[in-house]
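Visitor: Provided herewith is a single structure, encoded as structure tokens, for subsequent inquiry.
Number of protein chains: 2
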Amino acid sequence: MEIREVFARNLRALRQAKGLSQEELAHQAGIDRTYISSLERNVYNASIDVVDRLAEVLGVDAAELLKRPSDDLQGSKSELDE
Amino acid sequence: MEIREVFARNLRALRQAKGLSQEELAHQAGIDRTYISSLERNVYNASIDVVDRLAEVLGVDAAELLKRPSDDLQGSKSELDE
DNA sequence: ATGTGACTGAAAGTCCGTG
DNA sequence: GCACGGACTTTCAGTCACA
Numbered sequence: 013m014e015i016r017e018v019f020a021r022n023l024r025a026l027r028q029a030k031g032l033s034q035e036e037l038a039h040q041a042g043i044d045r046t047y048i049s050s051l052e053r054n055v056y057n058a059s060i061d062v063v064d065r066l067a068e069v070l071g072v073d074a075a076e077l078l079k080r081p082s083d084d085l086q087g088s089k090s091e092l093d094e
Numbered sequence: 013m014e015i016r017e018v019f020a021r022n023l024r025a026l027r028q029a030k031g032l033s034q035e036e037l038a039h040q041a042g043i044d045r046t047y048i049s050s051l052e053r054n055v056y057n058a059s060i061d062v063v064d065r066l067a068e069v070l071g072v073d074a075a076e077l078l079k080r081p082s083d084d085l086q087g088s089k090s091e092l093d094e
């Protein structure tokens, strides 16, 4: 599993857990609205600076956003990367 | 402390802990030697893809390279970012 | 074995819009 | 509220020569 996909998933999951819209997150992190959308759809390779800014708004450590899921055996194949 | 600097330090520390030269690390990660040098000197905002490739060679999780030092009280002021 | 400036192509990232 | 596109600027990715 590519790191980009890990990031994309974590980003979306955490954002929704926080009850934020893409627009709100974008605004608070000082990032373009459409770019957040792209990141969640695994279109780009974000820089660590962007990861950190998003992590801050989401209230977690930057490392959290790059954490791979600890081998979910239920895990169906990804729909983000195929 | 900026995430870039955190990354730069962790990279250098882990590389040296592994007893690798920049050249060896560069070779194994398929990255140019001078680029590694730039990253360790905090010149660029690495992409998560690069972080992941380096982490793999260093035998750690990508998230490890972005972990902030847990507030080292001995910590003198950085020489990387001033 | 590393730091640095200069360089180029490629991708990141912004800003405008649409359905 | 989000996906997706086109056009645009800035920064990274990657290589070279040199100290």
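Sequence lines, in order, name chains U and W. Position in the first sequence (first residue = 1) + 12 = my numbering. Position in the second sequence (first residue = 1) + 12 = my numbering. Virtual Cβ for every residue (Gly too), placed ideally from N, Cα, C.
1. Are the beta-carbon atoms belonging to U/R24 and U/G42 less than 8 Å from one another?
2. Write down every uninterrupted run of the alpha helix (DSSP H) in the stretch 25–75 of chain W whose length is 4 residues or greater and which is fully enclosed by it, in chain order.
3. List, in chain order, every chain W residue whose beta-carbon is nearer than 8 Å to that of U/N54.
4. Evaluate the contact criterion for the stretch 63–77 of chain U versus the stretch 16–23 of chain U: three or more CB pairs, one atom per stretch, below 8 Å.
5. Could you name the residues of chain W that U/V69 contacts, counting a contact when the two beta carbons are closer than 9 Å?
6. Quick one: is U/P81 near chain W, going by C-beta distance under 8 Å?
7. Spell out whether any CB of chain U is found under 8 Å from the CB atom of W/L78.
8. Taking 8 Å as the threshold (beta carbon to beta carbon), is U/S88 in contact with chain W?
9. Grouping DSSP H, G and I as helix and E and B as strand, with all else coil, what is W/L23?
10. Keeping to the same chain, check which residues put their C-beta closer than 6 Å to that of W/K79; ignore five residues upstream and five downstream.
11. Once you ignore the five residues that flank U/Q34 on each side, which residues in its own chain have a CB closer than 8 Å to its CB?
12. With distances taken Cα to Cα, identify the nearest neighbour of U/L37 among U/E17, U/E76, U/V62 and U/N57.
13. Measure how close the beta-carbons of W/A74 and U/S59 come, nearest whole angstrom, since I'm counting them as under 8 Å.
Guide: According to the structure data:
1. Translated into the one-based positions of the first sequence, residue 24 of chain U becomes position 12. Translated into the one-based positions of the first sequence, residue 42 of chain U becomes position 30. The answer is no: Cβ separation not under 8 Å.
2. 34–41, 45–52 and 60–70
3. Residue mapping note: residue 54 of chain U aligns to position 42 of the first sequence, counting from 1. Neighbours of U/N54 on chain W: none; closest Cβ ~11 Å, over 8 Å.
4. yes
5. Reading the first sequence from its first residue, position 57 is the one you call residue 69 of chain U. Within chain W, no residue comes near U/V69; the closest Cβ sits about 14 Å away, beyond 9 Å.
6. Here residue 81 of chain U refers to the residue found at position 69 of the first sequence. It does not: the Cβ of U/P81 has no partner Cβ on chain W nearer than 8 Å.
7. The sequence position of residue 78 of chain W within the second sequence is 66, counting from 1. Yes, W/L78 lies at the interface with chain U (some Cβ there is under 8 Å from its Cβ).
8. Indexing the first sequence from 1 puts residue 88 of chain U at position 76. Here U/S88 scores only 49 on pLDDT, less than 50, and its place in the model should not be relied on; the value that follows carries that caveat. Not closer than 8 Å to any Cβ of chain W, the Cβ of U/S88 fails to qualify, so no.
9. The residue you call residue 23 of chain W lines up with position 11 of the second sequence. W/L23: helix per DSSP, three-state reduction.
10. Numbered from its first residue, the second sequence carries residue 79 of chain W at position 67. Hits under 6 Å: none found.
11. Counting from one through the first sequence, the residue named residue 34 of chain U turns up at place 22. Cβ within range, chain order: R27, R45, I48, S49 and E52.
12. In the first sequence, residue 37 of chain U corresponds to position 25, counting from 1. For the residues U/E17, U/E76, U/V62 and U/N57, the minimum Cα distance to U/L37 belongs to U/V62.
13. For the purposes of this step, residue 74 of chain W is identified with residue 62 of the second sequence, where counting begins at 1. For the purposes of this step, residue 59 of chain U is identified with residue 47 of the first sequence, where counting begins at 1. Contact flag wrong, Cβ pair sits at about 14 Å.
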